[in-house]
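Structure first, then comments.
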Amino acid sequence: MKVTLINPSSSLVPSGPVSTGPPVGLATIAAVLENQGIKVDITDMALFGRKIGDNEKLSLPGTDAVGISASMTSFFHQVVAISKALKQTDKDMPVILGGNHATFMHKEILRNYNFVDIIVLFEGEYVMLELTEALSGKKKLADVKGIAYRNKDGKVVVTDPAEKVKDLDILPMPARHLLPMEHYIEKKCWPGSIVTSRGCPYKCIFCSTSAFFGHKVRFHSIGRVLQEIRSLVEKHHIKQIHFNDDIFTFSRSRGIKLYEMIEKNFDIEWGCQTRVDHVDADLLSKMRKSGCGGLFFGMESASQVILDKCEKHQTVEQGRRAIKLTKELGINVEVSFILGLPGENHETIKNDLDFILETIPDRLILNLLVPYPGTILYENPQKFGIRILDEDWQYYTHAIPVTETRDLSWKDLLKARFLIEREYCKAKENYSKGHV
Amino acid sequence: MSKPISREDSVNKRPLRLYKRNWIDVNEEVAVTSLSGETFWLNETAAFIWKLCDGKHSIKDIVDSLIEGYDVDRSTAIDDVFEIIWSLEERKLIGLQ
């Protein structure tokens, strides 16, 4: 049996970051399948910006089943186009979707798109393995846990949930040999991406991570993380590692051990994403010493009322301190804000601007609120005073307003984004001049 | 006046903004975002042209409107309109119908 896994492109985004790096999730599924003797190909359309047209046909000779990543909501139009193009060529080709968007929208997708056959719900590695057995006739589809599909009567059937992988170390290393690693390196598309943990204990109302991966954080062992870094360094000569975990510093003690081992064993620069309440001066200093060159914080708002409403469980002061400490240590700090969160008004926008001009992060990401399927916000926007204007997923890129708050129209939100960005750029320029 | 062939071919085309809710007036300028989040600040002339990219006005109509609104000669107006239209099209902010 041969399975082709596809990472789609964004539908409409014509320029900017085409690829966010190697699809490590698909490569992990591929590794699980390969270990059981299944042939696998990975096609990363995002890397080359390959888009499938509405009436295009797509042929994958020798492939027995196709799995498409449908994690990113804004990429869903391409997922549909690819699925349709595959069925135009071979109506019997099983088309399987997986990822966040497909998981949380499985009923709607199966009802509305007859060229999608099966959806893998939540984590996909071992579910995909069982699915290949079912597709080979070795077991019944109804006996595969963790999937949704249409039965012969066209009714959507959801099987019992599959267990999450408790010990991440049982997962094989991502099958990077199936990916064009040289192209990620050449295009500087995060070739050294690694995921060392899954899950998030927080329940921020705008994020679907904990709903997808669970509230309990599961970790790869330090030995396994070092093995993966070594593989990237030795096989691919990669000198920059990016840890793609949601909260890389979630476990302080594990982190400290890991940073010591990185410092001892490698000469690399690395970056990660974490929370402002999960760093302190001592930890940041150890991170810096081991090669940490960049940190991403999801600050989201400089208004405590908004942070509390969103169940972010962090304070404005923690944010201020974390950014200051990180900058003082010479670590590049990237901070994101979300404009249009529940309770957003002209005053809270002013708070954001003041905070940004005071802290001047090295990079600022201004996102407009997107009510992703699977989030608490998407389920009940009225409760939070949010009006959803659009469910055309192509617009769910954070750049264009798709919501309004009680006090701010989409025009107010868009204007705020432009003006904060402009003020930040001016302030950063002045700051840089003063720090030459 | 000699005009490049591509201009002649395009003069009756009607430019159309491709996305909704991606631009706004900010004082005398217009700010536009692409879907990937790049911001473009349009000056007064570019903003005037941008607002006429509604799929109803042809490039010729836009040139005429610019001459009428800004008291510029035809040659300058044509150059300005094509430069701005092509720049917006290149950035995938408008399409030509």
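Read top to bottom, the protein sequences are chains V and F.
Under my numbering, the first residue of the first sequence is numbered 58, with each subsequent residue one higher.
Under my numbering, the first residue of the second sequence is numbered 45, with each subsequent residue one higher.
Ideal placement from N, C-alpha and C gives every residue a C-beta, glycine not left out.
Computed from a predicted model, the values in this text were never measured in an experiment.
Can you find a CB in chain F that lies within less than 8 Å of the CB of residue i?
i, result
"V:K223", "no"
"V:K245", "no"
"V:F475", "yes"
"V:L167", "no"
"V:L471", "yes"
"V:E285", "no"
"V:E478", "yes"
"V:L62", "no"
Can you confirm whether residue i, when its beta carbon is compared against all beta carbons of chain V, has any partner nearer than 8 Å?
i, result
"F:A91", "no"
"F:S131", "no"
"F:R65", "yes"
"F:L79", "yes"
"F:I68", "yes"
Classify residue i: buried if its beta carbon has 16 or more other beta carbons within 10 angstroms, exposed otherwise.
i, result
"V:G387", "exposed"
"V:E509", "Past the edges of chain V, shown from 58 to 493, lies residue 509 of chain V, and the structure says nothing about it."
"V:W549", "Summary: the structure shown does not reach residue 549 of chain V, with chain V confined to residues 58 through 493, and so no result is reported for it."
"V:C11", "Summary: the structure shown does not reach residue 11 of chain V, with chain V confined to residues 58 through 493, and so no result is reported for it."
"V:Q439", "exposed"
"V:V392", "buried"
"V:A122", "buried"
"V:Y429", "buried"
"V:W450", "buried"
"V:Q375", "buried"
"V:V214", "exposed"
"V:W467", "buried"
"V:S131", "buried"
"V:Y51", "Since the first residue of chain V shown is 58 and the last is 493, residue 51 of chain V is not available in this structure."
"F:G85", "Note that residue 85 of chain F is Trp in the sequence shown here, rather than Gly. By the neighbour-count rule (16 or more Cβ atoms within 10 Å), F:W85 is not buried but exposed."
By the three-class DSSP mapping on this structure, what secondary structure does residue i have?
i, result
"F:A75", "strand"
"V:Y206", "strand"
"F:W85", "strand"
"V:F276", "strand"
"V:D302", "coil"
"V:H163", "helix"
"V:N64", "strand"
"V:G82", "helix"
"V:I325", "coil"
"V:C367", "coil"
"V:T405", "helix"
"V:S393", "strand"
"V:Q93", "coil"
"V:D98", "strand"
"V:F353", "strand"
"V:R255", "strand"
"V:N157", "helix"
"F:G113", "helix"
"F:N66", "coil"
"V:S360", "coil"
"V:N424", "strand"
"V:K197", "coil"
"V:V235", "The identity of residue 235 of chain V in the sequence shown is Leu, whereas the question assumes Val. Helix, per DSSP."
"V:A127", "coil"
"V:E220", "coil"
"F:D98", "strand"
"V:A122", "strand"
"V:V282", "helix"
My assumption, with CB atoms under 8 Å, is that residue i sits in contact with residue j. Please give the rounded CB distance.
i, j, result
"V:V282", "V:F323", "About 11 Å; that fails the 8 Å criterion."
"F:R61", "V:I457", "Not confirmed; about 12 Å, so no contact."
"F:A121", "F:L132", "Not quite, the Cβ-Cβ distance comes to about 16 Å (not below 8 Å), so this is no contact."
"V:L167", "V:R207", "5 Å"
"V:V427", "V:A379", "Wrong, their Cβ atoms sit about 24 Å apart, outside the cutoff."
"V:E165", "V:A142", "21 Å between Cβ atoms; not a contact."
"V:D409", "V:I477", "6 Å"
"V:I109", "V:V60", "Between V:V60 and V:I109 the Cβ distance is about 19 Å, and since that is not below 8 Å, they are no contact."
"V:L446", "V:V459", "5 Å"
Note down, in chain order, all residues in the stretch 455 to 468 of chain V with a beta-carbon under 7 Å from any beta-carbon belonging to chain F.
Per Cβ criterion, the list reads H455, A456, I457, P458, W467, K468.
Compile a chain-ordered list of the residues in the stretch 357 to 389 of chain V whose CB is closer than 9 Å to at least one CB of chain F.
Of all residues in the stretch 357 to 389 of chain V, none has a Cβ within less than 9 Å of some Cβ in chain F.
Chain V contacts made by the stretch 93 to 124 of chain F, where a contact means CB separation under 8 Å:
Within the stretch 93 to 124 of chain F, no residue qualifies.
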